[in-house]
Every structure is written in C-alpha cells, then in structure tokens.
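For reference, the structure discussed in these notes is given below.
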Amino acid sequence: MDQVSAANPDAPMRHAPRCGAKDRAGMPCQSPPMKDRKRCRIHGGLSPGAPRGQRNGNYKDGYWIREAVEERKFIRSLVKGTLVEKL
337 MDQVSAANPD
347 APMRHAPRCG
357 AKDRAGMPCQ
367 SPPMKDRKRC
377 RIHGGLSPGA
387 PRGQRNGNYK
397 DGYWIREAVE
407 ERKFIRSLVK
417 GTLVEKL
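Going by our numbering, the sequence shown opens with residue 337, and the numbers climb by one from there.
Take a look at the structure:
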C-alpha cells in the first residue's frame, strides 16, 4: 500500500494519518496533519510557534527562560539534598 503524504498525492486520503488534537468534547480531529508536522493547519501545524528569547514581544527579564528554570531546579535539588543530610 502507498504511504500517504504530500509527496504522494495519488494515495487515498482515507489512509492518511490524522491530526489527533482533541476538541472540547474529547473527540480527535479528523484532518490530516501538515507536511512534516503532527498537527493540522487548524491546530498549530502551520505555525512553528512564538519566537524564543528577546525576539518575543512578551520577553521581559529572562526569569522564565528554559535555562533559568533548569538552573533554579538544580539549585533547589542541591539545597534539598543538603537539608536532608543535616537532619
């Protein structure tokens, strides 16, 4: 059976993979996903998402960037580890 994709438009659409996003009732979306994506154009397959860092208009001070959050988690685990050893 032919694999359905944007590269193979002759394959039947009923065999295409589906988006899988859920609606409010919990039913999965029946649209096929965008090329090289997991979601359809309605559920975010068309957009790569917001830009990271200072290119995002909502960026203020970097408190919630991934590296800062990971650093705080690491420091918190070190502090918890030393507190357990003292008790």
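Glycine included, C-beta positions come from ideal geometry on N, C-alpha and C.
Run through DSSP, which three-state label would Lys371 get? coil
For Lys396, does the three-state DSSP call read helix, strand or coil? In this structure, Lys396 counts as coil in the three-state DSSP scheme.
Ile401 and Gly389 look like a contact to me (Cβ under 8 Å); what is the Cβ gap, rounded to whole Å? 7 Å
Which residues in the same chain as Phe410 place their Cβ atom closer than 6 Å to its Cβ, once the five residues preceding and following it in sequence are excluded? none
Neighbour-count burial assignment, Val369, 16 or more Cβ in a 10 Å radius: Position check: residue 369 holds Pro in this sequence, whereas Val was assumed. Buried, since its Cβ has 16 or more Cβ neighbours within 10 Å.
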